[in-house]
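Asker: First to last, the protein sequences are chains A and B.
According to numbering that gives the first Met the number 0, the first sequence is numbered sequentially starting from 0.
According to numbering that gives the first Met the number 0, the second sequence is numbered sequentially starting from 0.
My structure is below; once you've seen it, I'll send some questions.
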Amino acid sequence: MQYLSNYATTREAFLIFPAEPELEPALFAQMYNHIPTARRITHFTGVHWGGPDTAEAAVEHVRQRGFAGGRIGLVGRIPMGHYGTLKQGLPEATFVDFTAWMLKIRLVKSDEELDALRIGAEFCDRAVEALEREARPGISEYELAAIVQCSYLGSGGRSHIHYMATTPMSNTSVCVPAQYQSKRILEKGDVLLTELSAHYFEGYPGQILRPFTIGTQPTPQYQRMYDVAVEAFNRIANVIRTGANTEEVLDAAEYIHHAGYSICDDLVHGLGGGYLPPILRTRRTSARPAPPFTFKENMTIVVQPNIITEDERMGVQVGELLRVTNKGVESLHRYPMRFIQCNA
Amino acid sequence: MDDKNFYPHFTQAEFARRYAVVRAAMQEADLPALLVYGIAIHEQRSAVPFQLRDNEGGIPYFPC
Chain A
0 MQYLSNYATT
10 REAFLIFPAE
20 PELEPALFAQ
30 MYNHIPTARR
40 ITHFTGVHWG
50 GPDTAEAAVE
60 HVRQRGFAGG
70 RIGLVGRIPM
80 GHYGTLKQGL
90 PEATFVDFTA
100 WMLKIRLVKS
110 DEELDALRIG
120 AEFCDRAVEA
130 LEREARPGIS
140 EYELAAIVQC
150 SYLGSGGRSH
160 IHYMATTPMS
170 NTSVCVPAQY
180 QSKRILEKGD
190 VLLTELSAHY
200 FEGYPGQILR
210 PFTIGTQPTP
220 QYQRMYDVAV
230 EAFNRIANVI
240 RTGANTEEVL
250 DAAEYIHHAG
260 YSICDDLVHG
270 LGGGYLPPIL
280 RTRRTSARPA
290 PPFTFKENMT
300 IVVQPNIITE
310 DERMGVQVGE
320 LLRVTNKGVE
330 SLHRYPMRFI
340 QCNA
Chain B
0 MDDKNFYPHF
10 TQAEFARRYA
20 VVRAAMQEAD
30 LPALLVYGIA
40 IHEQRSAVPF
50 QLRDNEGGIP
60 YFPC
C-alpha cells in the first residue's frame, strides 16, 4: 500500500492500481476522519472514503473502471469477509495472488529507499545512546521504552519496534528481548537485551541490537556469550555480498553450535518494506530447510545472532541493518559494536 | 510549499521508478489491475474491523 501510494494505512484501505499508465490509481480508506490526512500524504489525488464497507467500495470502482471481467492481482492479507465480497461482487473476475511478486520487487532498494533507511538507522543509534546515558538502577522497563521513544519522537521518528527485557545476570531468566516491557524495576547487576527499530519514512526503519549491563561489568559468562555473538555476527557478515547464497550464511552460522550455544530469534532477515526474505535460522533450529536465495546489491538485511543457552534462560543479541554490496556489507548504523555498560 | 511536503514523501522520480517496475511485472503476469489491501500494523493486534449490529450477526461497519 505505502509502496505504491506513499500512504501507510491507518485503519484499512484498498488500492486499485491499473497497469495502464494513463489511468490514475484510486485509494479507498477508513475512517472518514482519516481521509483529509490521507489526501495530504498520498502520492496521487484519487483518495476516497471506503464507505460502510471498504471491499464494496473497491468492487464498485473495479466495475466502473472496466476491470470486472478480467484478471485482477490481489496483494496483501485480505480478510475472508472482504474476499467473499470481492468474489460475490466480481463473479467474472479471475483473482491472482500477486503478493509474492510485490515482495520480490521490494527486495532491492533504490537510492532514495536507502536514504530513508539511513534516517531510520540514525534514530535507532540515538535510542541506543539514550539508553546508554539514562538506563540505571531504580527505573522500570516502562521507563526504558520512554527513553527510547523520546530520543527520536521530536525529530519525526516513530517506533517500529522496541523489544527490551531485563534480568539479573546472577539469576537469569530471559534469553531474548521482549515484545512488551514490564513493570520490573532495574537493579544493579542486570543485563538489558534490546532490539530497537525506528523509522521516519513508514516501513523504512533501521534496526540495531545491543546488550547493556546496569551498574556493573558483564559477568564472565555473559562476556563469553557476547564474544560468541560478535564472532558469529562477523562470520556471517563476512560471507554476505552480491552473489552469495544462504548456504554460505548457514555454514558460517554453524560456529554458534560449535561454541556450545543455540539461538532463539531469527538469525538473518531482510528489512525495509517489510520483514523480507531471506529469513534464516541455523540449520538445526530451522523448522524446514531454507529455500535457495542469492543476495543482490542493495538488498538490506539484519544480521542478529541471538546467542542463548540450551535451557533458554540466558542470552545476548547483537546485530544491525546492513546493505549488501559487491564487496561485502555496509552497516547503515554508526553506533559501534560493544557490550554497553550503564552506570558501571 | 505544498502542504504534502510537510510529511515524509518519496520523489516523483522514485514513484515513476516503482510504477514502471510494478507495471512491468503486471504485464508479465497478464494483470490489467491490482487490488492491494492494507491494514495498520496496530490494527492487526486488535479486533477485526467489525461491529455487531444485532444478535443475528454483524455487518462491516465504520463509524466516522
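Glycine included, C-beta positions come from ideal geometry on N, C-alpha and C.
Rounded to the nearest angstrom, what separates E246 of chain A and K103 of chain A at their Cα positions?
Answerer: The residue given as residue 246 of chain A occupies position 247 in the first sequence. The residue given as residue 103 of chain A occupies position 104 in the first sequence. Those two C-alpha atoms are separated by around 20 Å.
Asker: Please name the residue or residues paired with M313 of chain A in a DSSP beta bridge.
Answerer: Here residue 313 of chain A refers to the residue found at position 314 when the first sequence is read from its first residue. Note: M313 of chain A sits in a beta bridge opposite A:V173.
Asker: Quick one: what does DSSP say G72 of chain A is sitting in, helix, strand or coil?
Answerer: As a working mapping, residue 72 of chain A is identified with position 73 in the first sequence. G72 of chain A falls in the strand class under three-state DSSP.
Asker: By DSSP, does Y60 of chain B sit in helix, in strand, or in coil?
Answerer: As a working mapping, residue 60 of chain B is identified with position 61 in the second sequence. The predicted model places Y60 of chain B with a pLDDT of 40, which falls under 50 and marks its position as unreliable; any figure quoted below should be read in that light. Reduced to three states, the DSSP call for Y60 of chain B is coil.
Asker: Check each candidate in A:T293, A:R39, A:W48, A:L270 and name the one with the smallest Cα separation from A120 of chain A.
Answerer: To locate residue 120 of chain A, count along the first sequence from 1; it is residue 121. Ranking A:T293, A:R39, A:W48, A:L270 by Cα distance to A120 of chain A puts A:L270 first.
Asker: Evaluate E128 of chain A with the Cβ neighbour count: other Cβ atoms within 10 Å of its Cβ, from every protein chain shown; 16 or more gives buried, anything less gives exposed.
Answerer: For this step, residue 128 of chain A is matched to residue 129 along the first sequence. By the 10 Å Cβ count, E128 of chain A comes out exposed.
Asker: Smallest Cα separation from V109 of chain A: which of A:R135, A:Y2, A:H257, A:P288?
Answerer: The count along the first sequence starts at 1 and reaches residue 109 of chain A at position 110. The question names Val, yet the displayed sequence has Ser at residue 109 of chain A. The residue with the shortest Cα to Cα distance from S109 of chain A is A:Y2.
Asker: Fully enclosed by the stretch 187 to 256 of chain A, which beta strand (DSSP E) runs are 3 residues long or longer?
Answerer: Counting whole runs of 3 or more residues, the stretch 187 to 256 of chain A contains the beta strand (DSSP E) stretches 189 to 198, 210 to 213.
Asker: By Cβ distance below 6 Å, which residues in the same chain neighbour F200 of chain A in space, the five residues on each side in sequence not counted?
Answerer: Position 201 of the first sequence holds residue 200 of chain A. Excluding positions up to five away in sequence, the list reads A115.
Asker: Shorter than 7 Å from the beta carbon of F61 of chain B to some beta carbon of chain A?
Answerer: For the purposes of this step, residue 61 of chain B is identified with residue 62 of the second sequence, where counting begins at 1. At F61 of chain B the pLDDT is 41, less than 50, meaning the model places this residue with poor confidence; the figure from the coordinates comes in the next sentence. F61 of chain B counts as touching chain A.
Asker: Could you tell me which uninterrupted alpha helix (DSSP H) segments, each at least 4 residues in length, are contained entirely in the stretch 253 to 288 of chain A, listed from first to last along the chain?
Answerer: Here no run is fully enclosed.
Asker: Measuring CB to CB, does L33 of chain B end up less than 7 Å from V74 of chain A?
Answerer: Translated into the one-based positions of the second sequence, residue 33 of chain B becomes position 34. Translated into the one-based positions of the first sequence, residue 74 of chain A becomes position 75. Taking 7 Å as the Cβ cut-off, L33 of chain B and V74 of chain A qualify as a contacting pair.
Asker: Can you find the residues in the same chain that come closer than 7 Å, C-beta to C-beta, to Q216 of chain A, ignoring five residues on each side of it along the sequence?
Answerer: Translated into positions along the first sequence, residue 216 of chain A becomes position 217. Excluding positions up to five away in sequence, the list reads Q340, A343.
Asker: Do P136 of chain A and L185 of chain A have their C-beta atoms within less than 7 Å of each other?
Answerer: Stepping through the first sequence from its first residue, residue 136 of chain A is reached at position 137. Stepping through the first sequence from its first residue, residue 185 of chain A is reached at position 186. Cβ atoms of P136 of chain A and L185 of chain A: closer than 7 Å.
Asker: Using only the alpha-carbon positions, how far apart do T36 of chain A and F5 of chain B sit?
Answerer: Here the question's residue 36 of chain A lines up with position 37 in the first sequence. Here the question's residue 5 of chain B lines up with position 6 in the second sequence. Answer to the nearest angstrom: the Cα atoms are 11 Å apart.
Asker: Leaving out the 5 sequence neighbours to the left and right, which residues in its chain are closer than 8 Å to G49 of chain A when beta-carbon positions are compared?
Answerer: Here residue 49 of chain A refers to the residue found at position 50 of the first sequence. E11, A12, F13, F27, A28, Q29, A56, A57, listed in sequence order.
Asker: Between the Cα of A39 of chain B and those of A:E133, A:V302, A:H33, spot the shortest distance and give me the residue it belongs to.
Answerer: In the second sequence, counting from the first residue as 1, residue 39 of chain B sits at position 40. It is A:H33 whose Cα lies nearest to the Cα of A39 of chain B.
Asker: Look up A37 of chain A in the DSSP assignment and say whether it is helix, strand or coil.
Answerer: By one-based count along the first sequence, residue 37 of chain A stands at place 38. Helix at A37 of chain A.
Asker: Give a yes or no on whether the minimum CB-CB distance between I40 of chain A and chain B is below 7 Å.
Answerer: Here residue 40 of chain A corresponds to residue number 41 of the first sequence, with the count starting at 1. With 7 Å as the cut-off, I40 of chain A counts as an interface residue toward chain B.
Asker: Checking 7 Å against the spacing of the C-beta atoms, do A18 of chain A and R16 of chain B come in under that value?
Answerer: The sequence position of residue 18 of chain A within the first sequence is 19, counting from 1. The sequence position of residue 16 of chain B within the second sequence is 17, counting from 1. Not in contact: A18 of chain A and R16 of chain B (Cβ atoms no closer than 7 Å).
Asker: Does the beta carbon of V74 of chain A sit closer than 7 Å to a beta carbon anywhere in chain B?
Answerer: Here residue 74 of chain A corresponds to residue number 75 of the first sequence, with the count starting at 1. Yes, contact with chain B.
Asker: Please tell me whether, using a cut-off of 6 Å, the distance from the CB of T218 of chain A to the nearest non-hydrogen atom of the ligand SAH is below it.
Answerer: The ligand content of the structure shown is nil, which means the ligand SAH is not present either.
Asker: Starting from A25 of chain A, follow its DSSP beta bridges and name the residues at the other end.
Answerer: Indexing the first sequence from 1 puts residue 25 of chain A at position 26. Partner(s): A:I15.
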